[in-house]
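Asker: Have a look at this one.
There are 2 protein chains.
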Amino acid sequence: MPLDLTEHLISSETIASGGMLTVKRDQVRLPNGHTSQREYVLHPGAVVVVPVMENGNLLLEKQFRYPLRQVFIELPAGKIDTGEDILETGKRELLEETGYRAKHWVKLGAIHPCIGYSNEVIYAYLAHGLNAGAHQRDEDEALEVFELSMQEMLAKIDAGEITDAKTISALFLAERYMKNNSL
Amino acid sequence: MPLDLTEHLISSETIASGGMLTVKRDQVRLPNGHTSQREYVLHPGAVVVVPVMENGNLLLEKQFRYPLRQVFIELPAGKIDTGEDILETGKRELLEETGYRAKHWVKLGAIHPCIGYSNEVIYAYLAHGLNAGAHQRDEDEALEVFELSMQEMLAKIDAGEITDAKTISALFLAERYMKNNSL
Chain A
1 MPLDLTEHLI SSETIASGGM LTVKRDQVRL PNGHTSQREY VLHPGAVVVV PVMENGNLLL
61 EKQFRYPLRQ VFIELPAGKI DTGEDILETG KRELLEETGY RAKHWVKLGA IHPCIGYSNE
121 VIYAYLAHGL NAGAHQRDED EALEVFELSM QEMLAKIDAG EITDAKTISA LFLAERYMKN
181 NSL
Chain B
1001 MPLDLTEHLI SSETIASGGM LTVKRDQVRL PNGHTSQREY VLHPGAVVVV PVMENGNLLL
1061 EKQFRYPLRQ VFIELPAGKI DTGEDILETG KRELLEETGY RAKHWVKLGA IHPCIGYSNE
1121 VIYAYLAHGL NAGAHQRDED EALEVFELSM QEMLAKIDAG EITDAKTISA LFLAERYMKN
1181 NSL
């Protein structure tokens, strides 16, 4: 019989809210009958897009990420709005952040970035057949859009210049999909 | 001239602490001069280990992750204790969780799992030359240790059965290292 690893909710409280993050603290019953507590961030979910250009290059962003006080190279991504279809989130974020629209969208799968202390799930899409337009970033959204070939992007991962887990994971899924489907 | 994307601290407050998570809310000055606020989790950093057995199989864990109410397949990993050397964290976590010790440790790089709202960094190691022993899990730590071949693990990623971003990212780094070094 497989081990039952499930932890059961006893009670729940909100320890931070009102700003950007909602943080919960739950009392739980462990599989061995002991009690413990779990703290975690509530997240609406997000979408990450792997945009592949006609020449095979990938569209990327440089963005300052305050928690680490550092500029990161990332794939376009963003949070799902309340009630929004996840494919629409992908299309909206790609357009807003880069100005591109894509003819073809392929669902690659889901990624969980932070299973220890967040319920965030990130849905990954491959977008190809791209058409350039004007980005629709609001004036407080500072980011730089640029292109890399797949080889250049892999070299930057090897060199430790790309370390964002959603970007590495989504690229992994995209690379396997493209290999398996001769894209 | 490259765009300056830096956001500067104006003031900082702690909005949750005392339990497992410390959460900060900082007022910041954006590159365009506007002010905004950033909320994020303070994290001590962690280590993830890719343990490769003599037969080429990888050592994995099944663990219930309460924020998502779901059992995940993960590589062994754990938080860095205060003042602890990161390689020691890797050795300690591998031993505690699986009972294995490794003769050879290779640093693969760093991963940032959650750049939007956490300062967590996860250092990834490849461990090979493994010797089995007894695990040292405390009685509240419920997890199941098992093996998969690289092909089985990749198939589980393709099938959406492995979705943990640190696990996918560390495997990506390990696979590239092993390919480049004929391991």
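So the protein lines, in turn, are chains A and B.
Numbered per the working numbering, the first sequence spans residues 1 to 183.
Numbered per the working numbering, the second sequence spans residues 1001 to 1183.
C-beta: ideal position from N, C-alpha, C; glycine also.
Since the model is a prediction, treat every value here as computed from it, not as a measurement.
1) Can you tell which of B:A1110, B:A1134, B:G1083 and B:A1165 has the C-alpha that lies nearest to the C-alpha of I115 of chain A?
2) Name, in chain order, the residues that DSSP records as bridge partners for F72 of chain A.
3) Hey, does V48 of chain A have any beta-carbon neighbour from chain B nearer than 8 Å?
4) Along chain B, in chain order, which residues have C-beta atoms closer than 9 Å to that of R25 of chain A?
5) Taking Q37 of chain A as the reference, give the member of B:Y1040, B:H1104, B:L1021 and B:H1034 with the closest Cα.
6) Between B:R1065, B:L1130 and B:L1095, which has its C-alpha nearest M1053 of chain B's C-alpha?
7) Which two residues bound the contiguous alpha helix (DSSP H) that contains A174 of chain A?
8) Using a 10 Å radius around the Cβ and a threshold of 16 neighbouring Cβ atoms, would you call R25 of chain A buried or exposed?
9) Anything in chain A within Cβ reach of V1071 of chain B, meaning under 9 Å, just list it in chain order.
10) Rounded to whole angstroms, what is the Cα-Cα separation between A159 of chain A and I15 of chain A?
11) Strictly under 8 Å for the Cβ-Cβ distance: is Q1037 of chain B near chain A by that measure?
12) Using a C-beta cutoff of 8 Å, does H1135 of chain B count as contacting chain A?
13) On the DSSP letters alone, give me the boundaries of the alpha helix (DSSP H) that G129 of chain A sits inside.
14) Residues bridged to I1115 of chain B by DSSP?
15) Quick check on S12 of chain A - is its C-beta less than 8 Å from some C-beta in chain B?
16) Measuring only the C-alpha atoms, how far is E74 of chain A from R101 of chain A?
Answerer: Once the coordinates are examined:
1) Stepping through the first sequence from its first residue, residue 115 of chain A is reached at position 115. Checking every option, the nearest Cα to that of I115 of chain A belongs to B:A1165.
2) The residue you call residue 72 of chain A lines up with position 72 of the first sequence. F72 of chain A is bridged by DSSP to A:Q63.
3) Residue 48 of chain A sits at position 48 when you count from the first residue of the first sequence. Not closer than 8 Å to any Cβ of chain B, the Cβ of V48 of chain A fails to qualify, so no.
4) Counted from its first residue, the first sequence places residue 25 of chain A at position 25. Within chain B, the C-beta atoms nearer than 9 Å to that of R25 of chain A come from A1016, G1019, M1020 and L1021, in chain order.
5) Position 37 of the first sequence, counting from 1, holds the residue named residue 37 of chain A. Nearest C-alpha to Q37 of chain A: B:L1021.
6) Within the second sequence, numbered from 1, the residue matching residue 1053 of chain B stands at position 53. Nearest option by C-alpha distance: B:L1130.
7) Numbered from its first residue, the first sequence carries residue 174 of chain A at position 174. Going by DSSP, A174 of chain A is part of the alpha helix (DSSP H) stretching over A165 to N180.
8) The residue you call residue 25 of chain A lines up with position 25 of the first sequence. Buried, by the Cβ-count rule.
9) For the purposes of this step, residue 1071 of chain B is identified with residue 71 of the second sequence, where counting begins at 1. Taking the beta carbon of V1071 of chain B as reference, the chain A residues within 9 Å of it are L5 and T6, listed in sequence order.
10) Residue 159 of chain A sits at position 159 when you count from the first residue of the first sequence. Residue 15 of chain A sits at position 15 when you count from the first residue of the first sequence. Roughly 39 Å between the two C-alpha positions.
11) By one-based count along the second sequence, residue 1037 of chain B stands at place 37. At a cut-off of 8 Å between C-beta atoms, Q1037 of chain B counts as an interface residue with respect to chain A.
12) By one-based count along the second sequence, residue 1135 of chain B stands at place 135. No, its Cβ sits nowhere closer than 8 Å to a Cβ of chain A.
13) Within the first sequence, the letter at position 129 stands for residue 129 of chain A. Counting along the chain, G129 of chain A falls outside any alpha helix (DSSP H), though it belongs to the beta strand (DSSP E) covering I122 to N131.
14) Taking the second sequence and counting its residues from 1, one reaches residue 1115 of chain B at position 115. Partner(s): none; I1115 of chain B has no beta bridge.
15) Within the first sequence, numbered from 1, the residue matching residue 12 of chain A stands at position 12. It does not: the Cβ of S12 of chain A has no partner Cβ on chain B nearer than 8 Å.
16) Here residue 74 of chain A refers to the residue found at position 74 of the first sequence. Here residue 101 of chain A refers to the residue found at position 101 of the first sequence. Straight-line Cα distance between these residues: approximately 18 Å.
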